[in-house]
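Going down the list, the protein sequences come from chains U and F.
First residue of the first sequence? That's 1 in the numbering used here, and the numbers climb one at a time after it.
First residue of the second sequence? That's 1 in the numbering used here, and the numbers climb one at a time after it.
Below is one structure, written out as structure tokens, with a few remarks after it.
2 protein chains.
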Amino acid sequence: MVMERADVLPLLGEAFREHGYEGASLSVITKQTGLGRGSLYHFFPGGKAEMAAAVLEDIDAWFEREIFAPLRSKADAQAAIDAMWEAVSAYFRSGQRVCLVGAFALSDTRDRFASAVNAYFAHWTEALAHALRRLGHDAERANAIAEQVVAGIQGAITLARARRDAGLFERVIAGLRAMAEK
Amino acid sequence: MVMERADVLPLLGEAFREHGYEGASLSVITKQTGLGRGSLYHFFPGGKAEMAAAVLEDIDAWFEREIFAPLRSKADAQAAIDAMWEAVSAYFRSGQRVCLVGAFALSDTRDRFASAVNAYFAHWTEALAHALRRLGHDAERANAIAEQVVAGIQGAITLARARRDAGLFERVIAGLRAMAEK
DNA sequence: AGCATACTTGAACGATTGGTACAGAGCAAG
DNA sequence: CTTGCTCTGTACCAATCGTTCAAGTATGCT
């Protein structure tokens with residue numbers, strides 16, 4: 001089996017998720033990925049910073065493809081929103097899995113990846129607001145709900161992880177989901 | 001001027017807030033506090049772990065005194081909730097200042113301070129639910145709103161920091177505030 | 001004053017950090 | 001087999017990590 005750069009990204013993502021940017025030392029990363037330092041620096045000559053940047057790009061691409069694009073362009077806006085909720089629950093494993101972008105945003109790691117962090121949430125909010133408008137909400141209300149929902153998802157992750165309560169995550173998500181309905 | 005242990009805790013808190021537990025190196029901490037390594041280990045013989053634990057305890061005590069206790073026992077429940085919103089906006093500086101407990105919850109630092117992290121959010125949720133019940137919400141609805149609100153606050157911090165948008169924080173808070181009304 | 005205790009300093013410790021260098025393994029093409 | 005290229009493990013670097021500690025200064029009590 002050949003290990004390509006793309007195959008390493010999810011493993012890198014888990015390492016950063018679990019330990020944060022500073023906490024994910026190269027020895028942690030080599031353990032997580034099963035790759036030696038040589039291989040890692042072959043794929044990512046820029047070192048840790050390039051690894052994290054690549055992971056963020058990979059995450060953004062996934063969300064763009066699976067969630068944002070459907071929210072913006074799918075004919076059935078309600079179906080796109082429903083699919084978003086399914087994807088969110090699955091992706092974050094009911095709050096057992098952290099949002100890497102959100103975690104980066106809370107420490108000074110944000111400054112290193114400011115534009116990627118900002119873009120991720122900007123795209124999400126705008127795409128959701130777009131779908132909500134097509135659902136019949138007026139523009140102002142759509143924006144307000146979108147911000148509320150995207151923030152609420154991040155909060156649900158934080159709280160569920162803090163309290164180790166996956167049920168809590170699902171309850172908060174259900175509340176947000178109700179808020180977005182027309 | 002004499003520097004007491006209690007005076008150091010807020011400075012330590014800012015260091016951990018800004019850099020996270022791993023990122024707050026001893027040299028960062030000495031710079032932030034203006035105390036030498038020796039002094040720090042004099043006040044906190046347990047080293048960094050004890051510093052962080054003391055900060056968490058300090059934070060929990062502040063919230064207990066300023067927010068949780070009023071929510072539980074103040075005669076006017078609505079006034080206690082209003083005071084909570086004022087305190088939240090001021091304490092988190094409209095989302096420019098991170099919630100240390102929330103930040104810890106997102107990395108593996110949570111495991112080190114699991115009980116403090118869990119207790120903080122448990123107390124907050126329970127105290128708020130108690131006030132909401134006295135406001136006239138039935139028990140089930142009070143619990144649901146409380147979870148939604150406490151999560152929402154954390155999400156507002158994450159999003160506001162990610163997007164460097166203090167206005168976003170205030171808008172999300174306003175939405176949560178409306179949700180808690182009777 | 002003397003003495004004990006509280007605090008501070010800064011150098012030094014071993015361990016680990018992120019990063020580099022490089023020789024060799026593996027493989028495909030000629 | 002030779003050549004060339006991608007990939008990988010190991011050894012190594014300077015820098016920094018958290019922690020310790022002997023020696024110092026300040027403070028307060030008798």
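All C-beta atoms, glycine included, are put in the ideal place defined by N, C-alpha and C.
For the alpha helix (DSSP H) that U:Gln148 lies in, which residues bound it at each end?
By one-based count along the first sequence, residue 148 of chain U stands at place 148. Here the alpha helix (DSSP H) through U:Gln148 covers Ala139 to Arg163.
In chain U, which residues lie with their C-beta within 8 Å of the C-beta of F:His19?
Taking the first residue of the second sequence as position 1, residue 19 of chain F is located at position 19. Those are Glu22, Ser107 and Asp108, listed as they occur along chain U.
Using the beta-carbon count (16 or more within 10 Å), is U:Met1 buried or exposed?
Here residue 1 of chain U refers to the residue found at position 1 of the first sequence. For U:Met1, the predicted structure reports a pLDDT of 44, less than 50, and the residue's modelled location is therefore unreliable. A value from the coordinates is still provided. Label assigned to U:Met1: exposed.
Any chain U beta carbon closer than 7 Å to F:Gly46
If you number the second sequence from 1, residue 46 of chain F lands on position 46. Output row for F:Gly46: interface = no.
Identify, in the order they occur along the chain, each residue of the same chain with its Cβ nearer than 7 Å to the Cβ of F:Gly136, setting aside the five sequence neighbours on each side.
As a working note, residue 136 of chain F is residue 136 in the second sequence. Closer than 7 Å at the Cβ level, and outside the excluded window around F:Gly136, lie Lys182.
Assuming U:Arg161 and U:Gly95 make a contact with CB atoms under 8 Å, what is their CB distance in whole Å?
As a working note, residue 161 of chain U is residue 161 in the first sequence. As a working note, residue 95 of chain U is residue 95 in the first sequence. Right, their Cβ atoms sit about 6 Å apart.
Output yes or no for whether 7 Å exceeds the beta carbon distance between U:Ala142 and U:Ala129.
Along the first sequence, read from residue 1 onward, the residue named residue 142 of chain U stands at position 142. Along the first sequence, read from residue 1 onward, the residue named residue 129 of chain U stands at position 129. Going by C-beta atoms, U:Ala142 is nearer than 7 Å to U:Ala129.
Measure the CB-CB distance between U:Phe104 and U:Val88 and report whether it falls below 7 Å.
Position 104 of the first sequence holds residue 104 of chain U. Position 88 of the first sequence holds residue 88 of chain U. For U:Phe104 and U:Val88, no; Cβs fall outside 7 Å.
Are the segment 160–178 of chain U and the segment 38–55 of chain F in contact at 8 Å, needing three or more beta carbon pairs?
no
Less than 6 Å between C-beta atoms, sequence neighbours within five positions excluded: which residues of the same chain meet that for F:Tyr12?
Position 12 of the second sequence holds residue 12 of chain F. The amino acid at residue 12 of chain F is misidentified as Tyr; the sequence shows Leu. The residues are Met51 and Val55.
Does the ligand ATP have even one heavy atom less than 6 Å from the beta-carbon of U:Pro45?
Judged by which ligands are present, the structure shown has none, so any question about the ligand ATP falls away.
Report yes if the CB atom of F:Phe68 is closer than 7 Å to the CB atom of F:Ala114, and no otherwise.
As a first step, residue 68 of chain F must be located in the second sequence, where it is residue number 68. As a first step, residue 114 of chain F must be located in the second sequence, where it is residue number 114. The answer is no: Cβ separation not under 7 Å.
CA-CA distance, F:Gly46 and F:Ala53?
Taking the second sequence and counting its residues from 1, one reaches residue 46 of chain F at position 46. Taking the second sequence and counting its residues from 1, one reaches residue 53 of chain F at position 53. Cα to Cα, the separation comes out at about 10 Å.
Could you list which residues in chain F have their beta carbon closer than 7 Å to that of U:Thr30, in chain order?
Taking the first sequence and counting its residues from 1, one reaches residue 30 of chain U at position 30. Ordered by position in chain F, no residue passes the 7 Å Cβ test against U:Thr30, which lies about 17 Å from the chain.
Could you give the DSSP three-state label for U:Gln96: helix, strand or coil?
Here residue 96 of chain U corresponds to residue number 96 of the first sequence, with the count starting at 1. It is coil, neither helix nor strand.
Between which two residues does the alpha helix (DSSP H) holding U:Arg5 run?
Start at 1 with the first residue of the first sequence, and residue 5 of chain U comes out as number 5. Segment Arg5 to Gly23, the alpha helix (DSSP H) holding U:Arg5.
The segment 49–68 of chain U: which residues have C-beta closer than 9 Å to a C-beta of chain F, in chain order?
none
F:Phe121: contacting residues in chain U (beta-carbon distance under 9 Å)
In the second sequence, the residue the question calls residue 121 of chain F occupies position 121. Going along chain U in sequence order, the residues near F:Phe121 (Cβ under 9 Å) are Thr158, Leu159, Ala162 and Arg163.
Would you report the Cα separation of U:Val28 and U:Gly20, rounded to the nearest angstrom?
Residue numbering aside, residue 28 of chain U sits at position 28 when the first sequence is read from its first letter. Residue numbering aside, residue 20 of chain U sits at position 20 when the first sequence is read from its first letter. Approximately 11 Å, taken between the alpha carbons.
Whose CA, out of U:Ile145, U:Ala122 and U:Asp111, lies closest to the CA of U:Phe63?
For the purposes of this step, residue 63 of chain U is identified with residue 63 of the first sequence, where counting begins at 1. The option with the nearest alpha carbon to U:Phe63 is U:Ala122.
So, at 8 Å on beta carbons, what are the nonlocal neighbours of U:Tyr120 in its own chain, with the 5 sequence-adjacent residues on each side left out?
Locating residue 120 of chain U in the first sequence gives position 120, counting from the first residue. Within the same chain, Cβ atoms closer than 8 Å to the Cβ of U:Tyr120 are found at Leu56, Ile59, Asp60, Phe63 and Val101, the five residues on either side in sequence being excluded.
Burial state of U:Leu26 (16 or more Cβ within 10 Å)
The sequence position of residue 26 of chain U within the first sequence is 26, counting from 1. By the 10 Å Cβ count, U:Leu26 comes out exposed.
Burial state of F:Asp165, where buried means 16 or more other Cβ atoms lie within 10 Å
For the purposes of this step, residue 165 of chain F is identified with residue 165 of the second sequence, where counting begins at 1. Buried is the call here.
Is U:Gly152 close to chain F? Criterion is C-beta to C-beta, closer than 7 Å.
Within the first sequence, residue 152 of chain U is the residue found at index 152, counting from 1. By this cut-off, U:Gly152 is an interface position.
Between the C-alpha atoms of U:Asp138 and U:Val149, what's the straight-line distance to the nearest angstrom?
On the first sequence, residue 138 of chain U is found 138 positions in, with the first residue counted as 1. On the first sequence, residue 149 of chain U is found 149 positions in, with the first residue counted as 1. Going from the Cα of U:Asp138 to the Cα of U:Val149 covers about 16 Å.
By how many angstroms is the C-alpha of U:Val8 removed from the C-alpha of U:Gly34?
Position 34 of the first sequence holds residue 34 of chain U. Position 8 of the first sequence holds residue 8 of chain U. Each residue's alpha carbon lies about 9 Å from the other.
Within 7 Å (strictly less), CB to CB, does F:Glu147 reach chain U?
To locate residue 147 of chain F, count along the second sequence from 1; it is residue 147. With 7 Å as the cut-off, F:Glu147 counts as an interface residue toward chain U.
Quick check: the Cα distance between U:Ala146 and U:Thr125, rounded to an integer number of angstroms?
Mapped onto the first sequence, residue 146 of chain U falls at position 146. Mapped onto the first sequence, residue 125 of chain U falls at position 125. C-alpha separation (whole angstroms): 5 Å.
Proximal chain U residues relative to F:Val88, where beta-carbon distance stays under 8 Å:
The residue labelled residue 88 of chain F in the question sits at position 88 within the second sequence. Per Cβ cutoff of 8 Å: no residues; F:Val88 is ~13 Å from chain U at best.
Run through chain F and tell me which residues come within less than 8 Å of U:Gly155, C-beta to C-beta.
Working through the first sequence from its first residue, we reach residue 155 of chain U at position 155. Here the neighbours are Val150, Ala151, Gly152, Ile153, Gln154, Gly155, Ala156 and Thr158.
Please go through the same chain and pick out, in chain order, the residues whose beta-carbon is closer than 7 Å to the beta-carbon of U:Arg65, but skip the five residues on each side of it.
Here residue 65 of chain U is taken as the residue at index 65 of the first sequence, counted from 1. So no residue of the chain qualifies.
Any idea if F:Glu4 is buried or exposed, counting beta-carbon neighbours within 10 angstroms, 16 or more meaning buried?
Taking the first residue of the second sequence as 1, we reach residue 4 of chain F at position 4. By the 10 Å Cβ count, F:Glu4 comes out exposed.
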